[in-house]
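Quick look at the structure:
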């Protein structure tokens with residue numbers, strides 16, 4: 029598979045890419061920025077074992093093309109995005125593989141205020157092929173972004189929140205998953221007045237215990253157990269580079285990102301504009317409509333959601349993986365910012381997290397069901413779309429809306445498979461929706477229905 033993905037660059041270091049490729053990417057980013065009249069690119073990196081070398085090569089490629097670098101060093105991804113805005117710049121490249129295992133690394137980037145989406149990634153690949161005219165190397169200016177970020181994020185989410193009605197500190201169990209926020213997040217939350225019990229709060233450049241992915245329920249077992257043992261008010265898990273967050277309530281229940289989005293939408297201004305990815309539960313558009321707003325569905329992917337946030341001037345955005353996007357961040361996402369925003373709501377209302385989420389019960393929705401398929405997956409998706417009925421969206425694969433739920437079929441970009449996801453009012457209703465959705469799926473229909481029944485059985489256990 030190519031390291032050039034829809035919304036970023038990512039692959040196994042040493043097997044799929046390395047420092048030579050990082051240098052070429054740096055050169056391409058520099059030429060791309062120059063074509064837009066941008067004289068500087070901000071650069072940062074996470075704490076993976078391979079990051080330092082890749083980051084240096086990336087910087088070398090940028091400066092060799094005559095573009096200057098503002099070097100933020102090693103920091104969480106949201107800190108790099110914040111610091112870019114703080115310096116009144118709009119181009120940044122961050123060496124990180126987010127939530128992937130330690131053998132991976134990658135680059136998230138934005139040029140001229142444009143997040144990476146397929147067209148932008150394709151442009152970068154073209155610029156990488158362009159020659160560099162002999163010129164003076166760009167300069168490198170270091171900037172320690174973390175202290176400025178820490179004071180800013182506390183001011184935005186705590187000092188700027190409504191008057192506190194509950195004077196007792198909120199008790200938090202924090203799992204930074206040995207990632208980029210390991211030292212920063214506990215410090216910020218304590219400064220914000222929270223009683224914090226932290227684990228996973230040392231940097232592990234190899235992520236030897238587990239992948240730093242809070243969207244996988246199995247990775248939250250320690251957090252759930254610690255919240256219950258500590259009788260804490262909430263649990264917070266931040267992913268490897270810090271732009272995603274997942275919450276656990278005081279009973280140890282995992283709160284889904286769509287439920288957090290519903291809390292934010294309900295607590296925010298009237299008539300909100302909300303961007304959500306097509307894998308999201310119907311809860312998000314429903315709550316948006318109830319608030320008098322407009323919900324816009326986009327393909328899954330950070331770049332797609334952030335681009336739409338910017339273009340639409342949207343108030344909120346959400347992905348099922350735990351990204352929360354805010355107008356206050358110029359359409360960007362930040363796991364710690366989202367956590368502080370929810371904690372401020374808890375303190376202001378005097379309600380626990382489970383009380384805040386009570387009006388938004390989680391529907392019956394399957395996880396992604398990856399079904400191996402070696403045939404023409406695009407043709408299979410087309411046959412499903414032709415016969416599935418319902419209100420159809422072809423943003424990415426096919427999503428069919430029915431009166432009581434929806435179904436989604438997409439081609440996997442990482443393996444020969446088709447990915448399915450379904451939401452329904454109950455088990456029987458979900459099966460009915462899946463059966464309708466799969467009318468044109470041929471022999472694949474029985475395989476998918478079997479996978480749904482297996483998921484029901486695992487859930488019951």
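Residue numbers (our numbering): 29 to 489. Even glycine gets a Cβ: it sits at the ideal position worked out from N, Cα and C.
Per DSSP, residue 48 is one residue of the alpha helix (DSSP H) stretching across 47–63. In the same chain as residue 458, and ignoring 5 residues on each side of it, the C-beta atoms closer than 6 Å to its own belong to 392, 450, 452, in chain order.
Rounded to whole angstroms, the separation of the alpha carbons of residue 41 and residue 341 is 37 Å. When DSSP states are grouped into helix, strand and coil, residue 78 belongs to the coil group. With a minimum length of 4 residues, the unbroken runs of alpha helix (DSSP H) contained wholly in the segment 204–239 fall at 212–219. About 13 Å separates the CB atoms of residue 362 and residue 333; that is not less than 8 Å, and the two are not in contact.
Following the DSSP letters along the chain, one finds residue 244 in no beta strand (DSSP E), marked with neither H nor E.
The alpha-carbon of residue 134 is positioned some 5 Å away from that of residue 125.
Residues of the same chain with a CB within less than 6 Å of the CB of residue 199, apart from the 5 flanking positions on each side, are 223, 260, 261 in chain order. Here the C-alpha atom of residue 322 lies approximately 33 Å from the C-alpha atom of residue 483.
Comparing alpha carbon positions, the residue from 120, 396, 62, 327 closest to residue 424 is 327. By the neighbour-count definition (other C-beta atoms within 10 Å, threshold 16), residue 345 is a buried residue. Take residue 385, set aside five residues on each side of it, and the residues of its chain with a beta-carbon closer than 6 Å to its own are 283, 287, in chain order.
Distance from the Cα of residue 91 is smallest, within the candidate group 119, 68, 394, for 68.
Three or more pairs of CB atoms, one per stretch, sit closer than 8 Å, so the segment 85–99 contacts the segment 163–170. Less than 8 Å separates the beta-carbon of residue 351 from that of residue 272. The closest CA to that of residue 160, considering only 150, 129, 57, 233, is found on 57. Close CB contacts of residue 236 within its chain, under the 8 Å cut and outside five residues either way in sequence, are with 130 (chain order). Looking from the CA of residue 216, the closest CA among 274, 239, 184, 156 belongs to 184. DSSP lists 344 as the bridge partner or partners of residue 354.
Where residue 451 is concerned, the enclosing beta strand (DSSP E) starts and stops at 445–452.
Linking residue 298 to residue 312 through their CA atoms gives a straight-line distance of about 15 Å. Straight through space, the alpha carbons of residue 210 and residue 230 are spaced by roughly 6 Å. Scanning 214, 118, 79 for the CA closest to the CA of residue 204 turns up 214.
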